[in-house]
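Participant: Residue numbers (full-length UniProt numbering): 1 to 157.
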């Protein structure tokens, strides 16, 4: 790994695989760092990814700047783009934060499909924040996520 970006993304076989997978998956989680490595030299790599995967909801993680959910366009409507700031926590290690965010986002979508998109993003951001407070890639429990969200009810970050 170079930093937190997987070296495999630069392997020759990766680009064709990405093209095939992006065209069929319903959900993509990608970080701003991933985008720069996946599409080097591209002035707008997120638009490039959206062009490759118009059917997919995209969870874009932005490190300390939080995350965005880009819901796939349906019925001729434009993508919905919803931002979620990161929760301010003491950071011990950021390894695993994106994975924790993705897991919590998907769990929230499955457990509460009627909830507004911002509620799912808050779950994801809380999971990422909890993971950052620990050395190693250790996600928090749902009870810990709920406690963090309760503590931050007055402010989103």
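From the three backbone atoms N, C-alpha and C, an ideal C-beta is built for every residue, glycine too.
For residue 59, name the three-state secondary structure that DSSP assigns.
Facilitator: Three-state DSSP puts residue 59 in a strand.
Participant: Note the first and the last residue of the continuous alpha helix (DSSP H) segment covering residue 144.
Facilitator: Residues 142-151.
Participant: In or out: residue 13 buried (at least 16 other Cβ within 10 Å) or exposed?
Facilitator: With fewer than 16 Cβ atoms within 10 Å of its Cβ, residue 13 is classed as exposed.
Participant: Spatial neighbours of residue 119 within its chain, please: C-beta separation below 8 Å, excluding the five flanking residues on both sides.
Facilitator: The residues are 108, 112.
Participant: Given this structure, state the Cα-to-Cα distance separating residue 42 from residue 48, to the nearest angstrom.
Facilitator: So the two alpha carbons sit approximately 8 Å from each other.
Participant: Got a sec, what are the start and stop residues for the alpha helix (DSSP H) residue 15 sits in?
Facilitator: Segment 14-22, the alpha helix (DSSP H) holding residue 15.
Participant: Do residue 86 and residue 125 come within 8 Å of each other at the CB atom, strictly closer than that value?
Facilitator: Yes, Cβ-Cβ distance for residue 125 and residue 86 is below 8 Å.
Participant: By the three-class DSSP mapping on this structure, what secondary structure does residue 112 have?
Facilitator: Residue 112 falls in the coil class under three-state DSSP.
Participant: Using the Cβ count rule (16 or more neighbours within 10 Å means buried), how would you classify residue 57?
Facilitator: It is buried - the Cβ of residue 57 has at least 16 other Cβ atoms within 10 Å.
Participant: Can you check DSSP and say which residues form a bridge with residue 67?
Facilitator: Per DSSP, 61, 84.
Participant: Output the distance between the C-alpha atoms of residue 39 and residue 17, rounded to the nearest integer angstrom.
Facilitator: Residue 39 and residue 17: Cα-Cα distance of roughly 14 Å.
Participant: Please state whether the Cβ-Cβ distance between residue 84 and residue 50 is less than 8 Å.
Facilitator: Contact: no.
Participant: Could you spell out the range, first to last residue, of the alpha helix (DSSP H) harbouring residue 34?
Facilitator: Taken as a continuous stretch (DSSP letters only), the alpha helix (DSSP H) holding residue 34 covers 32-38.
Participant: Looking at the strands, I want to know which residues DSSP matches up with residue 27.
Facilitator: DSSP, once it has assigned bridges, lists 57 as partnering residue 27.
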